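Take a look at the structure below.
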Amino acid sequence: MSLRQKKQRQQRAEIIENAVALFRLHGVQDVRTADIAHRCEISEATFFNYFASQNALLREWASDFLELELSRISTRTAEGGTLRRAIRSTSDDLAQLVTQDLPLQTAAWSRVCAGYPDPAFVGARGREEDRDSALTLILRAQERGECRSDVEASHLASLLRGVMASTLASWLATPTKDRPFTLQENLVQACDLLLDGFRKRNERVAGTG
Numbered sequence: 035m036s037l038r039q040k041k042q043r044q045q046r047a048e049i050i051e052n053a054v055a056l057f058r059l060h061g062v063q064d065v066r067t068a069d070i071a072h073r074c075e076i077s078e079a080t081f082f083n084y085f086a087s088q089n090a091l092l093r094e095w096a097s098d099f100l101e102l103e104l105s106r107i108s109t110r111t112a113e114g115g116t117l118r119r120a121i122r123s124t125s126d127d128l129a130q131l132v133t134q135d136l137p138l139q140t141a142a143w144s145r146v147c148a149g150y151p152d153p154a155f156v157g158a159r160g161r162e163e164d165r166d167s168a169l170t171l172i173l174r175a176q177e178r179g180e181c182r183s184d185v186e187a188s189h190l191a192s193l194l195r196g197v198m199a200s201t202l203a204s205w206l207a208t209p210t211k212d213r214p215f216t217l218q219e220n221l222v223q224a225c226d227l228l229l230d231g232f233r234k235r236n237e238r239v240a241g242t243g
């Protein structure tokens, strides 16, 4: 990585960090791009070199949040845990983090596009393109025989990431009184169903007996 790339990555991270601090302090609706730029000591033009809008920044923050949780799942599987157990343990931690930061999490995930991950992220200035914890943990699970290997690992990783993202977004968008389950319960149920599908058909049939 060149020095220029390192500086761009650092600048991008600083913009996100400062924006999130302002969002938590004032609320997303009351923060302007000019406020973020001022706190970062950059021009608005520089901000727009990194993010097309505040919504794009929020989607990036949500993506980073999920990537961190996927990396924790990957770490747990590397330490010997099965993929299913690692997801269940991390779902509990993830749910606590989300509920402790509910206004910002709700605002961010309401802006995550249906085509997650956001195609606008690709090639964005200062963004890390080499992170894919979901792929790492799926490859490890395939090596252990925990999930089917007749399907590309990248496809299974994309499904896992998408299910976790859509479950998060859907739960946060549902009014509190209409939530029959906790976020942790929803995540575990969704991922359990997905992991059942990750097994070969004969294994799924055997598992239902």
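In the working numbering, the protein residues as written are 35 to 243.
From the three backbone atoms N, C-alpha and C, an ideal C-beta is built for every residue, glycine too.
These numbers were taken from a predicted model, which means no experiment stands behind them.
| Query | Result |
| --- | --- |
| With H, G and I counted as helix, E and B as strand and the rest as coil, what does DSSP make of ALA240? | Here ALA240 scores only 48 on pLDDT, less than 50, and its place in the model should not be relied on; the value that follows carries that caveat. DSSP places ALA240 in helix when its eight states are reduced to three. |
| Report the CB separation of ARG233 from ARG182 in whole angstroms; it is logged as a contact under 8 Å. | 6 Å |
| Run through the region 159-239 for me and flag every whole alpha helix (DSSP H) of 4 or more residues, listed as ranges in chain order. | 167-178, 187-207, 217-232 |
| Of the choices PHE82, ARG38, ASN89, SER188, whose alpha-carbon is the least far from that of GLN63? | ASN89 |
| Taking the beta carbon of MET35 as the centre, do at least 16 other beta carbons fall within 10 Å, making it buried, or is it exposed? | exposed |
| For the alpha helix (DSSP H) holding PHE85, just list the boundary residues, first then last. | Neither: PHE85 is in no alpha helix (DSSP H) and is coded neither H nor E. |
| What separation, rounded to the nearest whole angstrom, lies between the Cα atoms of ALA207 and LEU136? | 11 Å |
| Reducing DSSP to helix, strand and coil, say where THR116 ends up. | coil |
| On the DSSP letters alone, give me the boundaries of the alpha helix (DSSP H) that ILE49 sits inside. | 37-60 |
| Leaving aside the five residues before and after ILE50 along the sequence, list all residues of the same chain whose C-beta is less than 8 Å from its C-beta, in chain order. | LEU91, GLU94, TRP95, ASP98 |
| Within 10 Å of its beta-carbon, does SER125 have 16 or more other beta-carbons around it, so buried, or fewer, so exposed? | buried |
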